[in-house]
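Please read the structure below before turning to the comments.
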Amino acid sequence: SGKYSAIASETCIDCEAGKRLIISETGVENEACAVCEIGQYSAISSVSCLNCETGKFLTDSATGVEASACTVCASGKYSTGPVNSCSDCGVGKYLTDDGVSASEHNMIEKCLVCSAGTYMEAPSAAACDDCGLGKYLTDDAVAEIHHDEEADCSICTAGMYSNQTGLATCVDCVAGKYLTNVGTSTEFHDDESDCIICDAGHHSGAGAANCEGCSAGKYSEVPADEEADCIICDSGKYSIGEGSTGCIDCPAGTFLENEATDKGFHDEESDCVVCSHGKYSGAPASSTCVDCAVGKFLEDNAVDILDHDSEEDCVICAAGKYVDVEGASACVICASGKYLIDLASNAGLHDEVKDCSNCTAGKYLTDDGTDETLHD
Numbered sequence: 141s142g143k144y145s146a147i148a149s150e151t152c153i154d155c156e157a158g159k160r161l162i163i164s165e166t167g168v169e170n171e172a173c174a175v176c177e178i179g180q181y182s183a184i185s186s187v188s189c190l191n192c193e194t195g196k197f198l199t200d201s202a203t204g205v206e207a208s209a210c211t212v213c214a215s216g217k218y219s220t221g222p223v224n225s226c227s228d229c230g231v232g233k234y235l236t237d238d239g240v241s242a243s244e245h246n247m248i249e250k251c252l253v254c255s256a257g258t259y260m261e262a263p264s265a266a267a268c269d270d271c272g273l274g275k276y277l278t279d280d281a282v283a284e285i286h287h288d289e290e291a292d293c294s295i296c297t298a299g300m301y302s303n304q305t306g307l308a309t310c311v312d313c314v315a316g317k318y319l320t321n322v323g324t325s326t327e328f329h330d331d332e333s334d335c336i337i338c339d340a341g342h343h344s345g346a347g348a349a350n351c352e353g354c355s356a357g358k359y360s361e362v363p364a365d366e367e368a369d370c371i372i373c374d375s376g377k378y379s380i381g382e383g384s385t386g387c388i389d390c391p392a393g394t395f396l397e398n399e400a401t402d403k404g405f406h407d408e409e410s411d412c413v414v415c416s417h418g419k420y421s422g423a424p425a426s427s428t429c430v431d432c433a434v435g436k437f438l439e440d441n442a443v444d445i446l447d448h449d450s451e452e453d454c455v456i457c458a459a460g461k462y463v464d465v466e467g468a469s470a471c472v473i474c475a476s477g478k479y480l481i482d483l484a485s486n487a488g489l490h491d492e493v494k495d496c497s498n499c500t501a502g503k504y505l506t507d508d509g510t511d512e513t514l515h516d
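Mapping the sequence shown onto our numbering, position 357 (from 1) lands on 497, and the numbers just tick up by one.
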């Protein structure tokens, strides 16, 4: 056992707790007992010292009487052998055990890399710190170098925000809103209210850095989520450029008959077509032109809207002429042997062929229908 005796001594003396007997010595006083090494303990009269189990430490072997003298490593620390202090997990890692179970501190693998959205700058931590509002950290907890300082947390990018701490990714602004990236301050990315609603006539998808205008030929009276939400201008209307909140009426005298099937027919004023001869449109935003009534004509060649913007542009046939169809560009001269003396005051007297009267008995008219003055 762990005892020794002095020369000529009748009794043996116990080695003190925390020491062991040096077997090769003959034992003079207490010099035959050696102090246990770091991380070891021994009871009184021990022949050998015992190691503290891994995951524990002993600061002073002189006080180590029994295994209970070994202390479990604190949170954020571990030990793999007899030691008088535990090792730090290191920055970017943590160990959350509460210091009760040595098995949770007995190898470096017990130290875990901080999870996504967190970091740790201290070498021995029980938990990692969350990235702050307006920031994120996407690393998948495999490399502590990506979690060892607050600077590893990145400010949310354009179109995104984080209103919680410890996020692995930021949240998209919803469709119809945008957030321009400032890249210098988390205060612009730390709340959903940082996302700005698009102006009317504009649209954005989720996570957008800016809004885009509705295409020419389309419009939107409210913020839109996507281009498909922009409305094609109705017939008789058009819009110029992007971002329109409404369409412009084609002027009277013109028409645009497309029925909202293609924005390409509604993106400039020239899409509004001047009414053709024999027709007019008396109001803006017309989808079609109206035929001049029978007995009237409009001979303009569709170049001047002022000649087609009112029913009054349709002219009653002159004396010696008639027209019996709608939308005429010219009147017809009465045939040979017939005449029409009305002085263009009543279209109803020029709206059918029988308005031309026969020459009276004893008279004739041989004109071949090219000169109305011979028939008036």
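We put the beta carbon where it would ideally sit given N, CA and C, even for glycine.
Alpha carbon to alpha carbon, what distance is there between residue j and residue i?
i	j	result
residue 463	residue 474	10 Å
residue 230	residue 283	12 Å
residue 292	residue 388	53 Å
residue 396	residue 350	34 Å
residue 287	residue 316	35 Å
residue 501	residue 476	14 Å
residue 136	residue 458	Nothing about residue 136 can be reported from this structure: the residues present for the chain run from 141 to 516 only.
residue 481	residue 439	22 Å
residue 379	residue 232	58 Å
residue 499	residue 402	58 Å
residue 503	residue 472	22 Å
residue 407	residue 425	14 Å
residue 312	residue 362	21 Å
residue 181	residue 219	16 Å
residue 392	residue 352	32 Å
residue 196	residue 221	8 Å
residue 192	residue 259	32 Å
residue 168	residue 176	The pLDDT assigned to residue 168 is 47, lower than 50, so where the model puts this residue is not dependable, and the model offers no usable value.
residue 444	residue 430	16 Å
residue 198	residue 246	14 Å
residue 170	residue 178	Any answer about residue 170 is weak, because its pLDDT of 47 lies below 50 and its placement is not dependable; what the coordinates show is given next. Cα-Cα distance, rounded: 20 Å.
residue 469	residue 345	53 Å
residue 453	residue 422	10 Å
residue 410	residue 256	58 Å
Locate the beta strand (DSSP E) running through residue i, then write down its first and last residues.
i	result
residue 174	173-175
For the putative contact between residue i and residue j, defined by C-beta atoms under 8 Å, what is the C-beta separation to the nearest angstrom?
i	j	result
residue 495	residue 434	Actually they are not in contact, since the Cβ atoms of residue 495 and residue 434 sit about 11 Å apart, beyond 8 Å.
residue 341	residue 360	5 Å
residue 384	residue 427	With a Cβ gap of about 19 Å, residue 384 and residue 427 do not count as contacting.
residue 120	residue 215	The requested residue 120 is not part of the displayed model; the chain covers only 141 to 516.
residue 308	residue 277	7 Å
Open item on the list: With three or more beta-carbon pairs closer than 8 Å as the criterion, would you say the segment 418-435 touches the segment 356-372?
Closed with: no
Open item on the list: Whether or not the segment 295-306 and the segment 234-252 are in contact is what I'm after, with contact meaning three or more pairs of Cβ atoms, one per stretch, closer than 8 Å; do they touch?
Closed with: no
Open item on the list: Which complete alpha helix (DSSP H) runs does the segment 225-258 hold, if anything under 4 residues is left out?
Closed with: none
Open item on the list: Could you tell me which whole beta strand (DSSP E) segments of length 3 or greater appear in the segment 412-464?
Closed with: none
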